[in-house]
Structures are given as C-alpha cells and as structure tokens.
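A.B. asks: Shown below is the structure under consideration.
Numbering (UniProt numbering), first residue to last: 1 to 287.
Next comes the structure, spelled out in structure tokens:
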C-alpha cells in the first residue's frame, strides 16, 4: 500500500467509501462486515461513512454502526485506522414514496447528530467530521461556525466539508484554519466540474477526497467519457477502474479517491491501483 495525508492521519492512497454497504441494495450485514475486513486486511487505513448512511425509513446511522462493528471484530492494528463521518444529511421519502436525501444544517441538528455519530462510532472524539452538504435554508458561515464549536468541544479532532464550492472552501478555511483538513467532492472522468476545488485544495494544503471516483453510483455511465481509460486498460491488461484511480492519484499528492463496492473482489482490484503509474503518453490521452 502507498500512503497520503489527511491532516494528522497517514491514510492509504485509496480509501474506502462505505455507502454501498449501508443504503438501499446493500448486502447482508455479515457480507458487509467481511468486505470491510478484506479492505482493512488489504492495507486500506481510512474508512468513510456518514450519519445518513441508512435505508430511508430504516434504522438511522446503520452505516456508522456497521463500520464500528467491523472494526471491533477485526484483529489488525487499530492504531493505523482513521474513520470519517458526516453530518447535515438524512434519508426520507419523496411524495412518490421514493427514497431520497434531504438536508438539515441547523446548529441544533448538527450538534445533535455529531454526538450521535460519536456514540455510534463508540468514540469520545471523531477522527474527521464533515459537513455533509450545504443547507440552502442555513447561512453557510453559520454551519461552519457550528462545526468549529463541535471541534472546540472536543467531539471531533479534525474537520472537513463536502460538496463545497471554492468560495465555501475559502470561507471554511478562514474560520477553521488548520483544523480544516479535507474537502470531499464528487470527481471522476464523467464528473470533472470539481477540478477547481481539487486545485484549490492543493493550494491550501487540504486533502481532496474524491467520492464516486469511478463515475457514479448506480447511474448509467457516459461511455464516451471513459473510452480513453478503457483503451489504456485494454493495452495494459488491467481493469478500467485501476486506470481511472491511477489517473486521479496523478492529479496531486493531496488527492485521495474513496471508491465503494458491494463485493470484495471489486474493491480489492481498486486498491491495487496504487501500484499503477501512468506514463506521459497515457496521461496525454486523459482529461
């Protein structure tokens, strides 16, 4: 495994996004725990979860409790593992009865959910706590200052923001200073609009954590955006996922993709991307 930094945490260059183990379509609990054990055994040292990782209408915080139980039953070196979670999002149903996401960035909700997250993770201090998504009903500065208060109270060691634009990143950095260690935004060959945030994080010394790095969760892919990656994968005899993740890692030493998976085989293949180095000719073919 190769490593990068998220603030004070030495993390595997590829981390694991546990959402697919927690929401609709998730595997059974035993299978999910086995997948997490396989990920940890393979050298992944950073697990990403969230308060909102549960099925709409189901038991809240399922994902956080799943990660906690997997770590409790894992016999590896726990001192090397960091866990990130996120607050400000929750699951519900729309008027058509479909499972959806909603936001609540009020100070009361953020503080309450941070405490509940710490309880679910069975820790006195969360390693990394993100604001999951801006709430248009709440001034963003107020959300960040609430996060600062949670840090002041010692409930979290470091902070991050997710789904943020450059202005929000700069604002959060001005308020939190070096306690802000990461920005988690979507980034992939099919979603390049976070490039300005990726570059800004490099300038500010923040980790850029790429969610949905392989192109989208349960959404049809625009195959044209992935064609060049597939050609390189075919020429090398490796998976397209490895080429995509190696390309993302090449964007800077601060970039940490967090692919997820329902199967151990898939995520273990992704973790092997740390050993793939794309040459200049290959990179010239990619966005």
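Glycine included, each C-beta is placed from N, C-alpha and C at the ideal position.
Give me the DSSP bridge partner(s) of residue 78.
C.D. replies: Beta-bridge pairing links residue 78 to no other residue.
A.B. asks: Give every residue of the same chain whose Cβ lies closer than 8 angstroms to the Cβ of residue 64, excluding the five residues on either side of it in the sequence, and list them in chain order.
C.D. replies: Taken in chain order, the residues that qualify are 49, 50, 51, 53, 85, 117, 120 and 121.
A.B. asks: Which two residues bound the contiguous alpha helix (DSSP H) that contains residue 174?
C.D. replies: Where residue 174 is concerned, the enclosing alpha helix (DSSP H) stretches over 166-176.
A.B. asks: My understanding is that residue 147 touches residue 131, with C-beta atoms under 8 angstroms, so please give their C-beta distance in whole angstroms.
C.D. replies: 6 angstroms
A.B. asks: If I measure Cβ to Cβ from residue 73 and keep anything under 7 angstroms in the same chain, skipping five residues before and after, which residues do I get?
C.D. replies: 33
A.B. asks: To test your reading of the DSSP string, which unbroken beta strand (DSSP E) runs of 3 or more residues are found completely within the stretch 176-233?
C.D. replies: Listed in chain order, the complete beta strand (DSSP E) runs (minimum 3 residues) inside the stretch 176-233 are 180-186 and 207-211.
A.B. asks: Assess, as a yes-or-no matter, whether the stretch 230-245 is touched by the stretch 262-277 under the definition of 3 or more beta carbon pairs within less than 8 angstroms.
C.D. replies: A contact exists between the stretch 262-277 and the stretch 230-245.
A.B. asks: Kindly confirm or deny that the stretch 184-199 and the stretch 150-157 touch, where touching means at least three C-beta pairs closer than 8 angstroms.
C.D. replies: no
A.B. asks: Mind checking who residue 126 pairs with in its DSSP beta bridge?
C.D. replies: 156
A.B. asks: Tell me whether the beta-carbon of residue 246 lies closer than 7 angstroms to the beta-carbon of residue 273.
C.D. replies: Contact flag set, yes.
A.B. asks: Can you check which of these residues, 45, 144, 24 and 35, is closest to residue 57 by C-alpha distance?
C.D. replies: 24
A.B. asks: Between the alpha carbons of residue 6 and residue 231, how many angstroms are there, rounded?
C.D. replies: 32 angstroms
A.B. asks: Is the separation between the beta-carbon of residue 287 and that of residue 214 shorter than 7 angstroms?
C.D. replies: no
A.B. asks: Between which two residues does the beta strand (DSSP E) carrying residue 280 extend?
C.D. replies: That residue, residue 280, is in no beta strand (DSSP E); its alpha helix (DSSP H) goes 280-284.
A.B. asks: Opposite residue 137 in the DSSP bridges: which residues?
C.D. replies: None, per the DSSP bridge assignment.
A.B. asks: So, with DSSP's three-state summary, where would you put residue 255?
C.D. replies: strand
A.B. asks: In this structure, what does DSSP give as the bridge partners for residue 87?
C.D. replies: Residue pairing of residue 87 in beta bridges, as defined by DSSP: 131.
A.B. asks: Under a Cβ-count criterion, where at least 16 other Cβ atoms within 10 Å of its own Cβ denotes burial, should residue 97 be classed as buried or exposed?
C.D. replies: By the beta-carbon neighbour count (other beta carbons within 10 angstroms, threshold 16), residue 97 is exposed.
A.B. asks: Can you look up residue 101 in the DSSP assignment and give me helix, strand or coil?
C.D. replies: strand
A.B. asks: Which term fits residue 61, buried or exposed, when burial requires 16 or more other beta carbons within 10 angstroms of its beta carbon?
C.D. replies: buried
A.B. asks: Leaving out five residues on either side along the sequence, give the residues of the same chain with a beta carbon under 7 angstroms from the beta carbon of residue 135.
C.D. replies: 88, 103, 104, 105 and 143
A.B. asks: Please name the residue or residues paired with residue 17 in a DSSP beta bridge.
C.D. replies: For residue 17, which the question treats as bridged, DSSP gives the partners 48.
A.B. asks: Using the three-state DSSP reduction, which class does residue 68 fall into: helix, strand or coil?
C.D. replies: helix
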